[in-house]
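Here the protein sequences line up with chains A and B, keeping their order.
Under this note's numbering, think of the first position of the first sequence as 1, with each following residue one higher.
Under this note's numbering, think of the first position of the second sequence as 1001, with each following residue one higher.
In this text, a Cβ means the ideal position worked out from N, Cα and C, and glycines have one as well.
First the structure, in the form of structure tokens, and then the observations on it.
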Amino acid sequence: MAQQSASTTSTPTQGGRPPKKQRLSVASKRGSTLGTIVKIMLLGVVAAIAVFSMLPLIDRRNWLGVILVVLTTAALFYIYLTPKLIPAKYLVVGTLFLAIFQVLPIVYTITTAFTNFGDGHRGTKEDAIVSIRSTSVKEVEGGATYTLSIGVSGDENTGDIAFLLADKDGNPFVGTAKGVAPLDKSAVTQSPSGKILAASDYTVLNLGKAASRQADITALVVPTDNGAIIAKGVSSAFEGGATRKYDAATDTITDSISGQTWAADDTDGYFKDAKGAFLPQGWQVNVGLKNFVDVFTNPSIAKYFLQVILWNFAFALLVMASTFALGLGVAMVMNSDKLRGRKIYRSILILPYAMPGFAMLLLWRDMFNTDYGLINKLFGTDIDWFGNPWAARAAVLIVQLWMGYPYMFLVCTGALQSIPSDLVEAAGVDGAKPFYAFRTITFPLLLVAVAPLLIATFAFNFNNFGAIYLVSGGGPFPADNPTVGATDLLISYTYRLAFGGQGAQYGLAAAISILIFIIVAAVSFIGFKRTKALEEIN
Amino acid sequence: MSDSASAEAPAAADPSAPPVIDGAADLVIWTAQLESAAIQAAADKFAADNGIKVSVQIVAEGRTAFLNASQAGQAPDLINGAHDWIGQLVQNGAIDPVQLDAATQAKFNPLAIKGVTFNGQIYGVPYDLGNIFLVRNTDMAPEAPKSVEDMVASGKKLVADGKASEIMALPVGANGDPYHMYPFFTSAGGYLFGKSADGNYNPKDLGLTKPEATAAMAKIGELGKEGALKTSIDGGNLVPFFTEKKTAYMITGPWNLPDIKKSGVPFAISPVPAFEGGAAAKPFVTVDALYVASKGKHKTVAQEFALNYFASDEVSSALYKLSPRQPALISVYDQEVAADPVLADVANAGKDGDILPAIPEMASVWDPFGKAQSAVIGGADPATTIAAAASAIQAAIG
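What follows is the structure, given as structure tokens:
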């Protein structure tokens, strides 16, 4: 029983390295064939993953990434094939996963917090220029439209691509990099609509063949006096061109029709005209501490920050305390030997924990509906649950109590069973009343076991996005302020700030998540210090 | 549609992971579940006709997945979605304009072409239009109401006679729903964005700052006071009010038509009525379209499919069978309306509607505007509430 409780109270991450690895290295040292085979297979998997992950990197010409993968793989092979480096055999896999899944995201979040990464600023300046140019392609005023066939001179797979064109009167032309030239009608076979089906000097490609020559087709520019012949797929073409061009010397975009210019502004990553109006396509730039400064100076953020933080602490503490109190109470009742059918009761009590949380949250939201919800109907009340700030706060707390107490019940059951019953019995013999015995013996011992879990619950609920977003949506919102609601946590509030308005603002979101991390880390640090003190008393 | 139209943030923090692109395919199309069967059929035929391999993948949260995939260099070649995606997709360099010549444009409903036009360029091949309308139970309310007042009076009478429990049903929800409220808002004199000379929405002219907006919100507030609008009715519980005959009037869109037809309630569709003596009640018109990705690997084939194959009667009517929206191709509309007169009523309800703004600034409007409406329906002061919403929107637009 004591063993069982120990495994219940230890957090999953403390499970340690899988024993398989240890067995493997021991076995290979002894030179067992099975061990060697398993080792070869595992290294084979490593090699396969390395090759698989290199393909997209090569595709994107990310040579640094390729070198990193090669070096890491080589290091892994060396460490597990050499008989030396025993400590590294134990440490390297864990370290690698730590780097990939913990360090990398944190570094990425921190670097993002100093940029304007978000909608309109996702790519590089070059991407923005390409996009501005390609979205400005227009048909030339009065330009010709053609039916198109893709022709190739010589070999189908390697020969030069040519556009075989027919204008609306059916006159055939050929378009190459040199320009457009008329074709002899007798040299081509045309469909009734004019489309060229065959030409004497060219092989006409069907779509399947054309698909394999896409890159060459897109690369072909057929110049005309007014622009170029641009293919629309493989069966029609038009005369047109980009109206907006980038000039590297002045770092500006110019529109050839209106003559308007937009100058690059590298401080906020936009091309702007004289009045400050910008083109939609921007690029990612470093903005320094701007995102952090915004959090504290933007009136719509700074003004409500304190209110949100207070409720956030209250929410996390109340959820933690109420689930713990109810869970412990139920666990103590269920721990009594006098109770019959404990297993059935326990199974039923765990149900809320076993059900999918998201579905339950939505169900609760509907149960709190003012006019049609189960709760108002059941109790005959007329509470505007999501219209009144305090009712809404009570509602989200009730939901979390229901969702959270089975976990505390499980944990407390385990912890209670690990406390030797003779301690309490001895206290009873010494004349202690049951409550006194509980308060002075059972509870402190219990707290040693569950305190780290209480801190974890606090940290989890501090960022419990779903509990708010799916139940109250952060509301109700005061009439004079639609940006912050009565039940908003920092996380739901900042989610709205970063993603609710002008599309996604990852830079701002990253900055705020760093601030939230600092708060949670500070609380957890203090909490764990107190826990240590608790252990020392015992 | 209602979810993409209201541009709400995704329901979960982690949008479902996009599928892995099939490297061997000559064309990769992403589509939502709803239209997938028709897109798949069109793609299969296109593939068989041309001897190529086309891969159709169903993607939830298509817009977010597409933006992230484009950024990571893993974009599909084509994606379909509502036209109000365009602003954000262009802003991030994710889609290319499509060159629809004048003759092709003439085949489409002009509203559909207007919807996919952004900054003077056409960005998608439209396939259907959607708008909200009033659906009424013809047993309970044989005549279409002439005005909002008329509808509320008739609804109240039905409630007083015990024939219904609700005056009408319009999804408001705890945090408001500007998409469904828009006809009332415009009829009461309000507007969202003014239009510049070229007919595009002008983000600098925010209608919520004008006195007309306050007056419109006051009228909406009165409907709340009368019990005609309730924050406890939302998209989730809306339809049963109508299908279980608890109300004679429901304001909704074509996506709920299958449920309404299935319920057997005798119904008729008419435009959302206007206030007595008020301006026209304009619903938002949304357009669904197919977009060519800027960063797709098979642009030539993608353009061929979108421009020379997709905009065909056959594909369009297959799409109509799956999702009963008004087809964007005039020829298909004419053909389908002969078989289903309801379609004509739906189209009629939307013919004077406003194209839902596709400008990126619109994303900043939904949330504060919706909350202001829900607050006013709950009894808050219209003037201060709309002023707060307007200033929040202006702060976000910058």
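C-beta atoms of residue i and residue j nearer than 9 Å
| i | j | result |
| --- | --- | --- |
| A242/A | T250/A | no |
| T1209/B | D480/A | no |
| L1192/B | Y1179/B | no |
| V285/A | D273/A | no |
| R554/A | I150/A | Here chain A covers residues 1 to 538 and nothing more, so residue 554/A does not appear. |
| L1319/B | L1100/B | no |
| S235/A | K195/A | yes |
| I1132/B | V1272/B | yes |
| P1258/B | D1139/B | no |
| L539/A | G1051/B | Residue numbering for chain A in the displayed model covers 1 to 538; residue 539/A lies beyond these limits and cannot be assessed. |
| G1296/B | D1044/B | no |
| V333/A | F114/A | no |
| N1348/B | A1248/B | no |
| T82/A | A50/A | no |
| T494/A | I512/A | yes |
| I1269/B | A1228/B | no |
| V1116/B | Q281/A | no |
| K1261/B | S1187/B | no |
| T1124/B | G1189/B | Looking at the sequence itself, residue 1124/B is Gly, so the reference to Thr does not match. The answer is no: Cβ separation not under 9 Å. |
Residue-chain proximity (residue i, chain B), Cβ-Cβ < 9 Å
| i | result |
| --- | --- |
| Q281/A | yes |
| G241/A | no |
| N298/A | yes |
| G540/A | Since the first residue of chain A shown is 1 and the last is 538, residue 540/A is not available in this structure. |
| V234/A | yes |
| S256/A | no |
| R393/A | no |
| T267/A | no |
| N496/A | At residue 496/A the sequence reads Arg, which differs from the Asn that was named. R496/A counts as touching chain B. |
| P56/A | yes |
| F292/A | no |
| A510/A | no |
DSSP-derived helix/strand/coil call for residue i
| i | result |
| --- | --- |
| D265/A | strand |
| H121/A | strand |
| M355/A | coil |
| D1049/B | helix |
| M367/A | helix |
| Q1057/B | strand |
| M1250/B | strand |
| E239/A | strand |
| Y1191/B | coil |
| I1233/B | coil |
| S1275/B | A small fix is needed here, since residue 1275/B is Phe in this sequence, not Ser. Note: F1275/B maps to coil in three-state DSSP. |
| N171/A | coil |
| V319/A | helix |
| Q1326/B | strand |
| A231/A | strand |
Within-9 Å CB hit, residue i to chain A
| i | result |
| --- | --- |
| A1237/B | The displayed chain sequence assigns Asn, not Ala, to residue 1237/B. By this cut-off, N1237/B is an interface position. |
| D1367/B | yes |
| K1321/B | no |
| L1329/B | no |
| A1012/B | With a pLDDT of 35 at A1012/B, under the threshold of 50, the modelled position of this residue cannot be trusted; read the value that follows with caution. It does; some Cβ of chain A falls within 9 Å. |
| D1026/B | yes |
| K1230/B | yes |
8 Å contact criterion, which residue i and residue j should meet: CB distance rounded
| i | j | result |
| --- | --- | --- |
| Q1335/B | D1128/B | Actually they are not in contact, since the Cβ atoms of Q1335/B and D1128/B sit about 14 Å apart, beyond 8 Å. |
| F1185/B | I1220/B | 7 Å |
| P352/A | P406/A | 5 Å |
If the cut-off is 9 Å on Cβ atoms, which residues from the segment 123–154 of chain A count as contacting chain B, listed in chain order? G123, D127, A128, V130, S131, I132, S134, T135, S136, V137, K138, E139, T145, I150
Identify each residue in the segment 206–220 of chain A for which the Cβ-Cβ distance to at least one residue of chain B is less than 7 Å, and report them in chain order. N206, L207, G208, A210, A211, Q214, I217, T218
Scan the segment 1297–1310 of chain B for residues whose Cβ lies nearer than 9 Å to a Cβ of chain A and list them as they occur along the chain. K1297, H1298, K1299, T1300, V1301, A1302, Q1303, E1304, F1305, A1306, L1307, N1308, Y1309
The segment 1058–1083 of chain B: positions lying closer than 7 Å to chain A by Cβ: Q1071, G1073
Please list, in chain order, the residues of the segment 363–381 of chain A that have any C-beta partner in chain B closer than 9 Å. R365, D366, N369, T370, D371, Y372, G373
Given a limit of 9 Å on CB to CB distance, which residues of the segment 456–489 of chain A reach chain B? F465, G466, Y469, L470, S472, G473, G474, G475, P476, F477, P478, A479, D480, N481, P482, T483, G485
The segment 1090–1107 of chain B: which residues have C-beta closer than 7 Å to a C-beta of chain A, in chain order? V1090, Q1091, N1092, G1093, D1096, P1097, Q1099, D1101
By the 7 Å beta-carbon criterion, what residues does the segment 51–83 of chain A contribute toward chain B? R60
Between the segment 387–419 of chain A and chain B, which residues of the former have a C-beta closer than 8 Å to a C-beta of the latter? G387
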